[in-house]
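A.B. asks:
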Amino acid sequence: MRQFRFRYLRLPGLLAAAWLIFPPPLAWAAQERSDTGQRLEEVKRALDESRKTDKTLKRKSAALAKDLQRLRRQLVAAAYVIQTHEAEVSRLEDMLDALVLSEKTKIDRLEQQRNQFARVLMALSRLARHPPEALIVQPLRPSDMIRSTILLRAALPGIERNAGRLRDELAGLLGARLEINRRRTELAGAAEKRKKQRTLLKRLLDEKTGLKRQTDTKSRRTARRIRALAEKANDLRDLLSRLQKADRERTAEKKRRGKAKGKTAAGKVPIQPTAGRIARLRGALPFPAVGRLAGLYGQNIGNGATRKGITIETLSHAQVIATYDGRVVFAGVFRGYGQLLIIEHGEGYHSLLAGFARIDCVIGQTVVAGEPVGVMGRPAGARPVLYLELRRNGQPINPLPWLAARKNRVSG
126 MRQFRFRYLR LPGLLAAAWL IFPPPLAWAA QERSDTGQRL EEVKRALDES
176 RKTDKTLKRK SAALAKDLQR LRRQLVAAAY VIQTHEAEVS RLEDMLDALV
226 LSEKTKIDRL EQQRNQFARV LMALSRLARH PPEALIVQPL RPSDMIRSTI
276 LLRAALPGIE RNAGRLRDEL AGLLGARLEI NRRRTELAGA AEKRKKQRTL
326 LKRLLDEKTG LKRQTDTKSR RTARRIRALA EKANDLRDLL SRLQKADRER
376 TAEKKRRGKA KGKTAAGKVP IQPTAGRIAR LRGALPFPAV GRLAGLYGQN
426 IGNGATRKGI TIETLSHAQV IATYDGRVVF AGVFRGYGQL LIIEHGEGYH
476 SLLAGFARID CVIGQTVVAG EPVGVMGRPA GARPVLYLEL RRNGQPINPL
526 PWLAARKNRV SG
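According to our numbering, the sequence shown is numbered sequentially starting from 126.
1. In whole angstroms, what separates the C-alpha of E218 from that of S441?
2. With DSSP run on the structure shown, which of helix, strand or coil describes V487?
3. If we ignore side chains and look at the alpha-carbon of each, how far apart do L221 and R308 end up?
4. Between N425 and the rest of its own chain, which residues show a CB-CB distance below 7 Å, the 5 nearest in sequence each way excluded?
5. If you compare alpha carbons, which of G489, R407, T491 is closest to L515?
6. Within the chosen definition, does the region 492 to 509 reach the region 443 to 454 through at least 3 CB pairs nearer than 8 Å?
7. Leaving out five residues on either side along the sequence, give the residues of the same chain with a beta carbon under 6 Å from the beta carbon of Y462.
8. Shortest alpha-carbon distance to Q208 belongs to which of L466, P526, K318?
9. Rounded to a whole number of angstroms, what is the C-alpha to C-alpha distance between T324 and V206?
10. Would a C-beta distance cut-off of 8 Å place T558 and V492 closer than the cut-off?
11. Let me know if R405 comes out buried or exposed under the rule of 16 or more other beta-carbons within 10 Å of its beta-carbon.
12. Expressed to the nearest angstrom, what Euclidean distance is found between the alpha-carbon atoms of D293 and K231?
13. Among R402, V415, M247, whose alpha-carbon lies nearest the alpha-carbon of G451?
14. Which residues bound the beta strand (DSSP E) around S476?
15. How is P526 classed by DSSP in three states: helix, strand or coil?
16. Taking 8 Å as the threshold (C-beta atoms), are I488 and S476 in contact?
17. Between which two residues does the beta strand (DSSP E) holding H470 run?
18. In this structure, how does DSSP classify L364 when only helix, strand and coil are distinguished?
19. Using a Cβ-Cβ cutoff of less than 7 Å, which residues in the same chain neighbour E304 once the five nearest sequence positions on both sides are dropped?
20. I'd like the span of the beta strand (DSSP E) that includes G499, first residue to last.
21. I need the DSSP call for R512, collapsed to helix, strand or coil.
22. Take R503 and list the residues in its own chain whose beta-carbon comes closer than 8 Å to its own, dropping the five residues that flank it on each side.
23. In angstroms with no decimal places, state the Cα-to-Cα distance between L326 and I484.
24. Kindly identify the DSSP beta-bridge partner or partners of I435.
25. Does the distance between the C-beta of R405 and the nearest non-hydrogen atom of the ligand SAH fall short of 7 Å?
26. Name the two residues that bound the continuous beta strand (DSSP E) containing F412.
27. On the DSSP letters alone, give me the boundaries of the beta strand (DSSP E) that V453 sits inside.
28. Output the distance between the C-alpha atoms of E236 and T310, rounded to the nearest integer angstrom.
29. Determine the direct distance from the alpha carbon of E438 to that of R534, and round the result to whole angstroms.
30. Go through its chain and collect everything with a Cβ distance to Q199's Cβ below 6 Å, but skip five positions before and after it.
31. Can you tell me the Cβ-Cβ gap for G473 and N518, rounded? I've got them flagged as a contact below 8 Å.
32. With a CB to CB cut of under 8 Å and the five nearest residues on each side skipped, what residues in its chain are close to A301?
33. Taking the alpha-carbon of A494 as reference, which of L421, F455, L410 has the nearest alpha-carbon?
34. Among residues of its own chain, excluding the 5 on either side of A316, which ones have a beta-carbon nearer than 7 Å to its beta-carbon?
35. Beta-carbon within less than 6 Å of V454's beta-carbon, same chain only, minus the 5 sequence neighbours each way: which residues are those?
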């Protein structure tokens, strides 16, 4: 009986424990609804945060894109001013060279005339020192002496004219030297303006580099991949072929992933719509640098080879610009070309520039016509030389008919 009562007394406690451990179905449902509601609230909060973050990122991306556009306009304007100053410096240097050559010619001519004048004056001086009666004791026959005297006296008007010309030449030489000094002062002023513009351009390029670093996270990986392609390529044609193949594969991969929906990524410039106009701009593209046209397309360069582009002798540290809108597909050292830049313009057109001391753009970057892309060096004892090739579907074509007419002299 006591045992039964003990079990009876323990039963409510066991039931309470069971209730706590195993709640009835209605309690389970309520708990589950509460948990589900909490999870939904968390998901909703996370979505709201994601939307806010996405909006913030889009605003930042739009602001960066505007900053890049502003910088690009400033860079194009600064590069134009620099090239204007470089053209002035080049013109003044040519004038100085011509003036110095003219000065040397005048000095040589004056020296020659002075020697002739001195010989005639010495003869007249000797004649003047001998009185007429001294002619008797001279070793020459009197008739020869008289003839010499007559000839010298007849030469006097010519000598006087030569003396006048000599005075004019001396005055001209003095004027040439004054002009040389004036042009040198102008040249120093133009060089100082160019230096200030280059400082401004460097600041703009540094700012642009900082913005690109924020917006372009794939550039380093792309650059490594393209450098690997360059190491395998045998020549420029092979390199272009490999770059085009890699671009086709990348485009196909994007399509497979459903990313290519006709939209252009933020900060990118669509190549095909703008580049289609390059064929209509024949004869209107700007020269990539200011300088003398030193080598022409198709010229024999030895060993049976011909030049596949043109060469331009530039000033030291000359600014180089893009000749047309496009996308940088290669920037770096390539065998035999040094620092090489390749810009894709669409429709199978590529421009290739080589001879840089520094390239100021990266693979994947879009550029516009007139935008600075690099700087020439300062080789010892010679002017830097920029090499330009234009290719269509991998084949070199003469770039000169595509470039706007300029007063570049062809040398060599």
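All residues carry an ideal CB built from backbone N, CA and C; glycine is no exception. Every value quoted in this text rests on a predicted model; they were computed, and no experiment measured them.
C.D. replies: Per the coordinate set shown:
1. 13 Å
2. coil
3. 7 Å
4. T431
5. R407
6. yes
7. A479
8. K318
9. 12 Å
10. Past the edges of the chain, shown from 126 to 537, lies residue 558, and the structure says nothing about it.
11. exposed
12. 11 Å
13. R402
14. 474 to 479
15. helix
16. no
17. 463 to 471
18. helix
19. L224
20. 497 to 501
21. Correcting the residue type first, residue 512 is Tyr in the shown sequence and not Arg. Looking at Y512 - three-state DSSP - the assignment turns out to be strand.
22. S441, H442, A482, P509
23. 14 Å
24. L513
25. The ligand SAH is not part of this structure, which contains no ligands at all.
26. Run containing F412: none; DSSP gives neither H nor E here.
27. 451 to 459
28. 29 Å
29. Note that R534 has pLDDT 49, beneath the 50 cutoff, so the model's placement of it is unreliable and the number below is only indicative. Their backbone Cα atoms lie some 10 Å apart in a straight line.
30. L329
31. 4 Å
32. L224, S227, E228, K231
33. L410
34. V214
35. L368, I467, E469
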